[in-house]
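Engineer: Sending over a structure as structure tokens; questions will come in a sec.
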Amino acid sequence: MSLLDSVLPSEPTKKMTMNEPVDSSFTNTTNNLVGKAINRVDGPLKVSGQAPYSAEIYRDNQAYGVLVSAKIAKGHVESIDSSALDDIPGIIKVVTDPKHFLRNPQQGTATKAPTQGASEIFYHGQPIAVVVAETFEAATEGAQAVRVTYKDETEQAALDFAKELSNAHEVNEKEGSDKNAVNGDPEQGLADSPVTIERFYHTPNQTSAAMEPHATLAYWEEDKLILYTSNQMIASCKQQIMDALDLNKDQVQMIAHYVGGGFGSKLGIAPESIAAAIAAKELDRPVLVCMTRPQVMEATVKRSNTRQRIAIGCDEQGVINTLIHDSISSNLPDEGFFEPSALSTHYLYRGENRQVNYQQVDMNQLLSGSMRAPGEAVGMIALECAMDELAMQLDIDPIELRRRNEPEKDPSQDIPFSTRQLIACMEQGAEKFGWSERNTKPASQLEGDWWIGTGMAASSRGNSLQQSEARATLQVDTSKELGVKAVIETDMTDIGTGSYTVFSQVAADLLGLPIDHIEMKLGDSELPPASGSGGSFGAASSGSSIYLACEQLRDMIAAKVGLYADTIQLDNGYIKQVGTHNPSKTDTAIETVKGQAESLKDKISEKTGFALPKSDTSKYDFDASKSYALAEVIADYDEQKLSAKGQIKPGKNGKSHRQASFGANFAEVAVHKVTGEIRVKRMTGAFAAGRILNHNTATSQCYGGMVFGIGSALMEEVIHDKRDGRLCNHDLAEYHVPVNADVPQLDVILVEEDDPYTNPMHIKGIGETAISGAAAAIANAVYNAVGVRVYEFPITLDKLLYEMPE
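Laid out in structure tokens, this is it:
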């Protein structure tokens with residue numbers, strides 16, 4: 001940027017690339033809102049039904065669409081007969097577009113459209129048309145009445161994962177989130193080890209089962225498409241829409257102010273979005289397409305099934321020298337995503353001989369993709385169950401085994417950890433849980449008709465940062481008590497995790513305002529682009545851009561009143577001077593540039609007649625007790641507002657240091673001695689995830705992860721009919737998730753941690769850390785209760801009954 005550009009009116013932007021550790025301004029704020037247990041600012045809207053979700057938006061002359069789904073697992077559509085719809089009142093049209101309809105959803109962060117085409121069928125439930133009617137009921141009846149003729153090739157379909165394992169092929173590492181890796185000589189190391197364990201674990205397909213089904217309201221304003229959607233990542237989803245429909249960026253606007261859960265299934269666009277857009281264009285009226293629960297389960301992202309081999313070699317004291325994690329997962333043909341099951345295996349435990357290997361099986365089932373904690377959620381089931389079995393084999397406390405294998409550095413890359421609090425999490429969790437009082441002998445504690453057992457597992461989830469931008473504006477607002485408010489804008493979403501709340505806390509802390517003086521605008525592609533919600537990077541990435549925008553405002557206010565940025569204090573709507581300026585090497589250069597800029601302003605004004613703004617600090621005279629109202633300072637600006645942007649980018653820190661959140665899960669279970677029924681009695685989780693933004697929302701995220709662990713361990717499984725590919729349990733009656741009766745007392749400990757390598761706020765993702773290892777803790781507790789190891793999940797009573805003690 002030239003000096004001329006720097007002095008011409010523009011929106012100032014504070015940019016940061018994480019190339020080195022940074023200090024956090026939160027240590028110098030007065031509100032101290034960050035970290036507190038503040039209730040959700042959007043809570044009243046939600047409980048009163050005033051928070052609008054996409055399916056609840058209504059436009060004049062709106063029509064309703066219902067998808068028509070394929071009834072075969074493989075083949076081609078030969079014809080679509082809609083004649084039976086003629087007698088159904090309210091039917092408008094059956095809309096088809098074999099070229100542009102989506103075969104399947106897209107993955108998160110992708111910028112290209114997913115595979116398109118509705119004429120060739122790759123899985124049972126694939127959308128092939130949409131029936132549009134005046135009412136949802138008429139559209140539903142019409143979709144059921146459509147008759148489709150197929151060239152049925154189901155006999156050639158790959159429908160049985162176990163049978164297809166022999167056809168496993170190498171993965172495309174460029175499209176995955178992990179890579180194959182070898183250190184040392186793993187197989188020889190295993191052969192030479194005095195103590196070894198080698199086991200195979202099977203985990204099933206799972207579905208996100210978010211409360212809100214996928215929905216899109218689409219309408220066109222001339223050549224501009226406006227979409228109210230239920231997506232987690234607005235910026236990348238907009239690019240997917242553009243690519244799918246050959247539109248430019250000015251022709252698409254996506255809005256998702258509130259999203260009712262996603263868990264990965266809404267990271268990318270799904271078939272309903274394109275169907276709604278095409279129908280709205282063809283009919284020249286708004287069209288809402290809301291997927292039914294069976295359609296959500298049949299045609300949106302699922303978690304892949306896996307077969308995982310864990311092989312560990314160690315000495316007689318349990319010190320690991322060899323660790324092997326091989327994983328096979330499945331997906332549709334020509335799809336690059338594979339379940340990165342070994343993400344944490346790379347760095348969780350020591351061992352000079354290491355192997356991670358991925359393979360993929362092509363299946364005629366719905367798309368596999370990211371579901372909450374992709375990789376770790378299922379990978380740590382295998383790794384942590386194997387670690388528990390190794391501990392029993394060595395007669396070592398499972399915590400002590402992990403302690404003996406604590407690496408000083410990331411053993412796979414020989415780089416330091418930014419922070420690593422696994423031992424602290426295990427110790428604090430064990431103390432809270434009462435781990436030292438457990439019965440170590442399996443099948444030794446019978447209370448009435450119930451066998452009692454305890455188990456634990458480590459937890460870990462990699463931390464990352466994505467580029468994000470935000471805008472912060474301070475403006476006069478006489479309706480507020482302090483006469484000023486801050487408006488924060490970014491296209492980040494709130495999927496129920498608390499974005500509206502934690503970002504309000506960040507802004508309120510940095511700008512010295514009460515939280516009710518913050519107006520948060522999220523979920524609109526017209527706003528600055530953010531990372532979106534997913535990958536445990538949403539709060540850190542989007543939050544950091546908000547943090548930087550607010551810091552830029554602080555700098556501008558300081559310059560306005562004649563203070564240095566490190567001596568300004570914003571406190572409850574007032575500006576004060578505190579402390580002494582700490583000169584830096586750049587101060588002299590900055591003062592020189594400022595002087596040159598003022599001189600250049602004068603010259604430009606003389607030649608152009610355009611009066612550029614000048615800095616006038618003479619009216620502000622600070623002393624030990626003097627302060628000025630922030631509203632008064634902002635009122636001095638011509639538009640009575642001050643705006644700035646922030647931009648965060650990942651940098652060298654992500655490669656120079658292994659960044660991850662760590663934790664430990666503990667569980668107590670009861671297994672009925674006659675029926676084999678399993679009940680989780682209590683769970684304790686201790687998690688270290690950097691600075692905590694909000695104690696309530698962080699704890700809630702951990703609760704959710706632990707509940708997910710219950711589901712993964714004991715009940716969740718998507719079941720396909722191996723004959724025709726039909727999804728057998730495509731609703732919440734048959735796809736079992738934990739309900740209130742299944743969830744016991746959950747205790748969460750947030751272990752104090754500060755990590756300056758992650759981002760300027762020093763925070764990490766936490767919700768997905770809690771799910772990672774939770775299922776393994778329950779599985780290990782089941783073993784302790786009845787002495788039975790289960791290697792095929794979920795652990796249902798039929799897998800216990802014939803091996804349980806008498």
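Residues 1 to 806 (my numbering) make up the sequence shown, in order. Idealized CB from N, CA, C, for every residue including glycine. On a predicted model such as this, the values are computed, not experimentally measured, just so you know.
Would you list, in sequence order, the uninterrupted alpha helix (DSSP H) runs of no fewer than 4 residues that lie entirely inside the region 501-583?
Structural biologist: List check, alpha helix (DSSP H) in window: 538-561.
Engineer: When we look at the beta-carbon of Phe-708 and count the other beta-carbons within 10 Å, is it buried (16 or more) or exposed?
Structural biologist: With 16 or more Cβ atoms within 10 Å of its Cβ, Phe-708 is classed as buried.
Engineer: Does the beta-carbon distance from Ala-667 to Ala-781 come in below 8 Å?
Structural biologist: Yes, the pair counts as a contact, with Cβ atoms nearer than the cut-off.
Engineer: Measuring alpha carbon to alpha carbon, tell me which residue in Trp-220, Lys-249, Asp-315 and Ile-255 is nearest Ala-279.
Structural biologist: Here the closest residue by C-alpha is Trp-220.
Engineer: Nearest-angstrom Cα distance between Gly-108 and Leu-394?
Structural biologist: C-alpha separation (whole angstroms): 42 Å.
Engineer: Relative to the alpha-carbon of Leu-879, which residue among Gly-676, Val-506, Thr-684 and Ser-536 has its alpha-carbon at the smallest distance?
Structural biologist: The requested residue 879 does not occur in the structure, where the chain is confined to residues 1 to 806.
Engineer: If contacts are defined as beta-carbon pairs under 8 Å, then Ala-37 and His-695 qualify, I think. What distance do you get, rounded to the angstrom?
Structural biologist: Going by Cβ atoms, the distance from Ala-37 to His-695 rounds to 4 Å, so yes, they are a contact pair.
Engineer: My guess is that Thr-207 and Tyr-802 are in contact by the Cβ rule of under 8 Å, so how many angstroms apart are they, rounded?
Structural biologist: Not a contact, Cβ separation roughly 29 Å.
Engineer: Scan the region 707-742 and note each continuous alpha helix (DSSP H) run of 4 residues or more that stays entirely inside, going in chain order.
Structural biologist: Listed in chain order, there is nothing to give.
Engineer: What do you get for Thr-135, buried or exposed, if any count of 16 or more other CB atoms within 10 angstroms of its CB means buried?
Structural biologist: Its Cβ having fewer than 16 others within 10 Å, Thr-135 is exposed.
Engineer: Examine the Cβ distances between the region 242-262 and the region 186-201 and report whether three or more of them are shorter than 8 Å.
Structural biologist: No: fewer than three Cβ pairs fall under 8 Å.
Engineer: Assess contact between the region 573-583 and the region 620-629, defined as three or more Cβ pairs (one per stretch) separated by less than 8 Å. Is contact present?
Structural biologist: Yes: the two stretches touch, three or more of their Cβ pairs being nearer than 8 Å.
Engineer: When you compare only the Cα positions, how much space is there between Pro-805 and Val-718?
Structural biologist: Using only the alpha carbons, I get a separation of about 30 Å.
Engineer: Is Leu-165 buried or exposed, if buried means 16 or more other CB atoms sit within 10 Å of its CB?
Structural biologist: It is exposed - the Cβ of Leu-165 has fewer than 16 other Cβ atoms within 10 Å.
Engineer: Please report how far the alpha carbon of Ala-508 lies from the alpha carbon of Ser-531, in whole angstroms.
Structural biologist: Those two C-alpha atoms are separated by around 22 Å.
Engineer: For the putative contact between His-325 and Ser-412, defined by C-beta atoms under 8 Å, what is the C-beta separation to the nearest angstrom?
Structural biologist: The pair is not a contact, with the Cβ atoms about 11 Å apart (cut-off 8 Å).
Engineer: Across the region 442-457 and the region 671-678, are there enough close Cβ pairs to call them in contact, namely three or more that are closer than 8 Å?
Structural biologist: Yes, since at least three Cβ pairs between the region 442-457 and the region 671-678 fall closer than 8 Å, the two stretches touch.
Engineer: Have a look at the DSSP bridge pairing and note the partners of His-672.
Structural biologist: Answer by DSSP bridge pairing, in chain order: Trp-450.
Engineer: Is Glu-214 near Thr-322, with beta carbons less than 8 Å apart?
Structural biologist: A small correction: the amino acid at residue 214 is His; Glu does not occupy that position in the sequence shown. Not a contact, by the Cβ cut-off of 8 Å.
Engineer: Count the other C-beta atoms from every protein chain shown that fall within 10 angstroms of the C-beta of Gln-188, then say buried if there are 16 or more, exposed otherwise.
Structural biologist: That one is exposed.
Engineer: With H, G and I counted as helix, E and B as strand and the rest as coil, what does DSSP make of His-214?
Structural biologist: Three-state result, His-214: coil.
Engineer: Taking only the alpha-carbon atoms, compute the straight-line gap between Gln-62 and Glu-222 and give it to the nearest angstrom.
Structural biologist: So the alpha carbons of these two residues sit roughly 16 Å apart.
Engineer: Please state whether DSSP places Tyr-802 in a helix, a strand or coil.
Structural biologist: In this structure, Tyr-802 counts as helix in the three-state DSSP scheme.
Engineer: Output the distance between the C-alpha atoms of Val-737 and Asp-410, rounded to the nearest integer angstrom.
Structural biologist: If you take the alpha carbons of Val-737 and Asp-410, they lie about 36 Å apart.
Engineer: How should Met-706 be labelled, buried or exposed, when 16 other C-beta atoms within 10 angstroms of its C-beta is the threshold for buried?
Structural biologist: By the neighbour-count rule (16 or more Cβ atoms within 10 Å), Met-706 is buried.
Engineer: Run through DSSP, which three-state label would Ser-6 get?
Structural biologist: Confidence in Ser-6 is poor, its pLDDT being 44 and thus under 50, which makes the residue's placement unreliable; the coordinate value appears in the next sentence. Reduced to three states, the DSSP call for Ser-6 is helix.
Engineer: Please state whether DSSP places Ile-72 in a helix, a strand or coil.
Structural biologist: Ile-72: coil per DSSP, three-state reduction.
Engineer: Can you tell me which of the three DSSP states Leu-746 falls into?
Structural biologist: DSSP places Leu-746 in strand when its eight states are reduced to three.
Engineer: Note down the Cα distance separating Ser-10 from Tyr-547, rounded to an integer number of angstroms.
Structural biologist: Their backbone Cα atoms lie some 20 Å apart in a straight line.
Engineer: Per DSSP, what are the beta-bridge partners of Tyr-64 in this structure?
Structural biologist: Per DSSP, Ala-133 and Leu-288.
Engineer: Touching or not, the region 126-146 and the region 172-186, by the rule of three or more beta carbon pairs under 8 Å?
Structural biologist: Counting Cβ pairs under 8 Å, fewer than three are found: no touch.
Engineer: I want to know whether the region 486-495 touches the region 231-251 - three or more CB-CB distances under 8 Å.
Structural biologist: Flag = yes, the region 486-495 and the region 231-251 touch.
Engineer: What is the rounded straight-line gap between the Cα of Arg-350 and the Cα of Thr-154?
Structural biologist: Between Arg-350 and Thr-154, the C-alpha separation is close to 47 Å.
Engineer: On the CB-based measure, 16 or more other CB atoms within 10 Å of its CB, does Gln-308 come out buried or exposed?
Structural biologist: Its Cβ being crowded by 16 or more others within 10 Å, Gln-308 is buried.
Engineer: List the residues that DSSP assigns as beta-bridge partners of His-124.
Structural biologist: In DSSP, His-124 forms no bridge with anything.
Engineer: Please classify His-100: does DSSP put it in a helix, a strand, or coil?
Structural biologist: In this structure, His-100 counts as coil in the three-state DSSP scheme.
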